[in-house]
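S.K.: Once you've had a glance at the structure underneath, I'll fire off some questions.
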């Protein structure tokens, strides 16, 4: 259940998320009359070509991966908390996939052993 603070944040971010989606569905880099759309495209053009931005975000990712702040606490480094949450989610998903794969291998092994025993009886 969302708190009222999360709801307010969601409402505040909604126009930006809509602009982001519109930005990548609008054809042509400068054919749109929306000033905000062109600004958003300029930001992405800069980000894609800027080595400093890429290195900075890589540095933030590395920090989030090694961050020692408790999961229940907030890290003062920008973008760390969402990145840590995402990393944790991916780690859990990977663990579940590994568990399912191991279980399938074990089931397959047991089935083959049972068939082998049955073949000896014949």
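Numbering (our numbering), first residue to last: 159 to 280.
Quick reminder that beta carbons are idealized off the backbone N, C-alpha and C, glycines included.
By DSSP, does residue 216 sit in helix, in strand, or in coil?
M.R.: The answer is helix: DSSP assigns residue 216 an H, G or I state.
S.K.: I'd like the span of the alpha helix (DSSP H) that includes residue 197, first residue to last.
M.R.: 193-207 is the span of the alpha helix (DSSP H), which, as asked, contains residue 197.
S.K.: May I have the straight-line CA-CA distance separating residue 265 from residue 248, to the nearest angstrom?
M.R.: One C-alpha to the other measures close to 26 Å.
S.K.: Counting only the same chain and skipping the five closest in sequence on each side, list residues whose C-beta sits under 8 Å from that of residue 194.
M.R.: Cβ neighbours of residue 194 beyond the five flanking positions: 177.
S.K.: What whole-angstrom Cβ distance do residue 218 and residue 237 have, given they're in contact under 8 Å?
M.R.: With a Cβ gap of about 5 Å, residue 218 and residue 237 count as contacting.
S.K.: According to DSSP, is residue 264 helix, strand or coil?
M.R.: DSSP places residue 264 in helix when its eight states are reduced to three.
S.K.: Helix, strand or coil for residue 184? Go by DSSP, reduced to three states.
M.R.: Coil.
S.K.: With distance defined between alpha-carbon atoms, name the residue in 246, 220, 215 nearest to residue 281.
M.R.: Since the first residue shown for the chain is 159 and the last is 280, residue 281 is missing from the structure and cannot be characterised.
S.K.: Would you mind stating whether residue 221 and residue 235 have Cβ atoms separated by less than 8 Å?
M.R.: Cβ atoms of residue 221 and residue 235: closer than 8 Å.
S.K.: Check this for me: beta carbons of residue 199 and residue 225, under 8 Å apart or not?
M.R.: Cβ distance not < 8 Å, so residue 199 and residue 225 don't count as in contact.
S.K.: How long is the line joining the alpha carbons of residue 267 and residue 252, rounded to whole angstroms?
M.R.: Whole-angstrom Cα-Cα distance: 22 Å.
S.K.: Between which residues of its own chain and residue 201 is the CB-CB distance below 8 Å, once the five residues before and five after are set aside?
M.R.: Hits under 8 Å: none found.
S.K.: Determine the direct distance from the alpha carbon of residue 274 to that of residue 263, and round the result to whole angstroms.
M.R.: In a straight line, the C-alpha of residue 263 is about 16 Å away from that of residue 274.
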